[in-house]
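Sequence order for the protein chains is A and B.
Per numbering that gives the first Met the number 0, the first sequence starts with residue 0, numbered consecutively.
Per numbering that gives the first Met the number 0, the second sequence starts with residue 0, numbered consecutively.
Number of protein chains: 2
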Amino acid sequence: MLSQKARYALRAMLHLAAKPIAEPQQIADIAEGAAVPRKFLEQILLELKRRGLVHSVRGRHGGYQLGREPKDIDFAEIIRVIDGPLALSPCASRTAYRRCDDCTDEATCAIRKALIDVRNSTAKILEQHSLADAMADRRKMKPAA
Amino acid sequence: MLSQKARYALRAMLHLAAKPIAEPQQIADIAEGAAVPRKFLEQILLELKRRGLVHSVRGRHGGYQLGREPKDIDFAEIIRVIDGPLALSPCASRTAYRRCDDCTDEATCAIRKALIDVRNSTAKILEQHSLADAMADRRKMKPAA
DNA sequence: CTTGATCTAGATCGGTTCGGTCGAGATTTC
DNA sequence: GAAATCTCGACCGAACCGATCTAGATCAAG
């Protein structure tokens, strides 16, 4: 399961992607638009900023904007920033591999084999979905809005 | 991520699958063979039993045995028993669907769409891996043992 | 029928994570 | 310099996790 925090992050990023990248949007607006508790959203945006996914502008007319073009930000990256590796087990992770300390033989471990299959397919799917794709989908499904 | 408990459960089930289904294996043996803390394993086996994945025999020469043929028990089922639904979000789960309370429009939700893709592919992979397959794999990779 | 091995059940526990809030500080604009 | 904004760290309660302890129920064998 994704954490609630990660779901918030996805929604917030989608909200940012809805407007031109140039104009910064303020925390309060994002919080309202994406239905995320304001103070909690601050934490989330800070983490996203540290990893370069968003950029902040301080001061009076400040706010947050995407750090890159929407087509260059995918779901997998957002989820990894907030929740960590996608894999179901550290021994099946590519970005954060760690051997199971109680695993007797990794080579013949049938469990690991299955988990690696899962992580590969999950990563592939989530990396295919960019913010730009998501926005396009939304427009296609609800053209009147 | 899978919980440690789920990984223990998978290992324990694999251990049970290694011997003929007729002869019950005792908790102590399974604990040692699968490297699972004994008392914790008791809880795990109880849960697996409640869901019919294993069967217990009491008394002197008692123990646990698989509830069905190894080919009829897949990884997905074991994981679901211990950790709950496979999906990354309740709104993307088939076995435990629940609407996101803060979702404005499920139909156009691009996040949900991606998460459903992930859950489908994950379920497919894990349902393809049965205990019997896992044992066969292991034998194939390490024929000398 | 007693003994001892087993399963069953639940209370408990220390630690960590999760979701969320508060308050103060730093930075920029008007 | 006042006002609006982001920044940052401390904090909180509840849930969860991994694991252990204790006590009881059940059965088999001697």
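Even glycine gets a Cβ: it sits at the ideal position worked out from N, Cα and C.
According to DSSP, is residue i part of a helix, a strand, or is it coil?
i	result
LEU114 of chain A	helix
ASP73 of chain A	strand
ALA144 of chain B	With a pLDDT of 45 at ALA144 of chain B, under the threshold of 50, the modelled position of that residue is not reliable, and the figure given next carries that caveat. Note: ALA144 of chain B maps to coil in three-state DSSP.
LEU65 of chain B	strand
SER2 of chain A	coil
SER129 of chain B	strand
SER88 of chain B	coil
HIS54 of chain A	strand
MET134 of chain A	helix
GLN25 of chain B	coil
LYS18 of chain A	coil
VAL35 of chain A	coil
ALA95 of chain A	coil
ALA8 of chain B	helix
ASP104 of chain A	coil
ARG79 of chain B	helix
ARG59 of chain A	coil
Taking the Cβ atom as the reference point for each residue, do residue i and residue j lie within a distance shorter than 9 Å?
i	j	result
ARG59 of chain B	CYS90 of chain B	no
ILE43 of chain B	ILE81 of chain B	yes
SER88 of chain B	CYS99 of chain B	yes
THR207 of chain B	SER120 of chain A	In this structure chain B extends from 0 to 144, so residue 207 of chain B is not present and cannot be described.
ALA11 of chain A	LEU40 of chain A	yes
LEU1 of chain B	LEU85 of chain A	no
LYS34 of chain A	ASP101 of chain B	Residue identity check: residue 34 of chain A is Ala in the sequence provided, not Lys. Yes, Cβ-Cβ distance for ALA34 of chain A and ASP101 of chain B is below 9 Å.
Label residue i either buried or exposed according to how many other C-beta atoms from any shown protein chain fall within 10 Å of its C-beta, with 16 as the threshold for buried.
i	result
GLY61 of chain A	exposed
ALA144 of chain B	A caution first: ALA144 of chain B carries a pLDDT of 45, below 50, which makes its placement in the model unreliable, though a value can still be read off. Exposed.
ALA16 of chain A	buried
GLN149 of chain B	Because residue 149 of chain B is not part of the residues shown, which for chain B are 0 to 144, the question remains open.
ARG118 of chain B	buried
ARG137 of chain A	buried
Please determine, among the options, the residue with the shortest C-alpha to C-alpha distance to residue i.
i	options	result
HIS14 of chain A	A:MET140, A:MET134, A:GLU105	A:MET134
ILE124 of chain A	A:ALA113, A:ALA75, A:ALA8	A:ALA75
LEU52 of chain B	B:ASP101, B:ARG37, B:ASP71	B:ASP71
LYS4 of chain A	A:ARG67, A:ALA30, A:GLN25	A:ALA30
ALA109 of chain B	A:LYS38, A:LEU9, A:ALA106	A:LEU9
ASP132 of chain B	A:ARG138, A:ASP136, A:THR107, A:ARG137	A:THR107
LYS48 of chain A	A:TYR63, A:PRO36, A:ALA95	A:TYR63
ARG37 of chain A	A:VAL56, A:TYR7, A:ALA95	A:TYR7
ARG50 of chain B	B:VAL56, B:GLY66, B:ARG57	B:GLY66
MET140 of chain A	B:ASP116, B:GLY83, B:GLU105	B:GLU105
Touching by the beta-carbon criterion (3+ pairs, under 8 Å), the region 11-29 of chain B and the region 125-133 of chain A: Taking a cut-off of 8 Å on C-beta distances, the region 11-29 of chain B does not touch the region 125-133 of chain A, as fewer than three cross pairs fall below it.
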